[in-house]
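Numbering (my numbering), first residue to last: 907 to 1178.
Take a look at the structure below.
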């Protein structure tokens, strides 16, 4: 309790006892007032208290006593305003401490959130890198002449301004040795510009039609003999060796397990 609280408690007790002497006041109030005066210590005397005590001195003349009491009232008003200012200051200090504590909590949450965000971004970057090379791996090297490419290799190529995937196969012609996996059209070495060799990802072997159906349009897989099969419009696939379009089940039944070698979405991520 503050000195102001002690004064208020004792003043209430003294007022209650004084009123009980002139009117019939409930005995419970008087008893409580007596207990307060007996147990609550008197706060240190203020300057106003000392002035009033001096004014009550019988040796002081009446005029001076009146002036001293008036001065005591003014001093008391100043002391009250000062105590209220101190109380406001203490409340402001407590509020500042609370706000500083909340600020610290918010900063900790922000730092924690930033760290989580950094971890998520790092994980996304890692997964993106893995996805870039998971489905089909491009072998970066000095590009050979198309005529020097071994039979059976599959490449991303450009033919007359159009990018496609083609396999080099000398089984059917001595000149038209590049087979467009998308259209089945055969081209000569002079028609083809090599872009990148596609290497089958042996970790991605598909032997179930439902898994084959999940690949996007434009994907290319290799059969067990190394010949490419191209996904046209869902759910049809086409092998340059076969004219009819096949669904995923027919591809697996006809060619057996296939290996993913090209997936448009993955290649676009890599090029970006």
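All C-beta atoms, glycine included, are put in the ideal place defined by N, C-alpha and C.
Residue i, enclosing beta strand (DSSP E) - first and last residue
i, result
"residue 1165", "1164–1168"
"residue 897", "No answer is possible for residue 897: it lies beyond the span of the chain, which begins at 907 and ends at 1178."
"residue 1086", "1082–1086"
"residue 1105", "1098–1105"
"residue 1109", "Premise fails: residue 1109 is in no beta strand (DSSP E) and is neither H nor E."
"residue 908", "Per DSSP, residue 908 belongs to no beta strand (DSSP E) and is neither H nor E."
"residue 1053", "No beta strand (DSSP E) holds residue 1053; DSSP gives it neither H nor E."
For residue i, the three-state DSSP class (helix, strand or coil)
i, result
"residue 1005", "helix"
"residue 965", "coil"
"residue 978", "helix"
"residue 1070", "strand"
"residue 1075", "coil"
"residue 1092", "strand"
"residue 970", "helix"
"residue 1041", "No answer about residue 1041 holds up, because its pLDDT of 41 lies below 50 and its placement is not dependable."
"residue 1033", "helix"
"residue 960", "helix"
"residue 988", "helix"
"residue 945", "helix"
"residue 922", "helix"
"residue 915", "helix"
"residue 1013", "helix"
"residue 996", "helix"
"residue 951", "coil"
Straight-line Cα distance separating residue j from residue i
i, j, result
"residue 974", "residue 983", "14 Å"
"residue 1092", "residue 1083", "6 Å"
"residue 915", "residue 936", "13 Å"
"residue 926", "residue 958", "24 Å"
"residue 1025", "residue 1017", "12 Å"
"residue 998", "residue 969", "44 Å"
"residue 1076", "residue 1098", "15 Å"
"residue 1050", "residue 1095", "12 Å"
"residue 1116", "residue 1141", "10 Å"
"residue 1111", "residue 1068", "28 Å"
"residue 919", "residue 912", "11 Å"
"residue 1006", "residue 909", "29 Å"
"residue 1101", "residue 1136", "19 Å"
"residue 947", "residue 1002", "33 Å"
"residue 1143", "residue 1156", "9 Å"
"residue 986", "residue 1015", "43 Å"
Closer than 7 Å to chain C by CB, residue i
i, result
"residue 950", "Here chain C cannot be found, since the structure has a single protein chain."
Proximity test, residue i beta-carbon vs the ligand ZN heavy atom, cut-off 6 Å
i, result
"residue 1165", "No copy of the ligand ZN appears in this structure; indeed no ligand is present at all."
Fully enclosed by the stretch 1111–1165, which alpha helix (DSSP H) runs are 4 residues long or longer? List check, alpha helix (DSSP H) in window: 1115–1119, 1154–1161.
Within 8 Å, do at least three Cβ pairs link the stretch 1102–1117 to the stretch 1059–1067? As far as the Cβ criterion goes, the stretch 1059–1067 touches the stretch 1102–1117, which means the pair count is three or higher.
Check whether the stretch 1008–1022 and the stretch 986–999 touch, using three or more Cβ-Cβ pairs below 8 Å as the test. Contact between the stretch 1008–1022 and the stretch 986–999 is absent: fewer than 3 CB-CB pairs across the two stretches fall below 8 Å.
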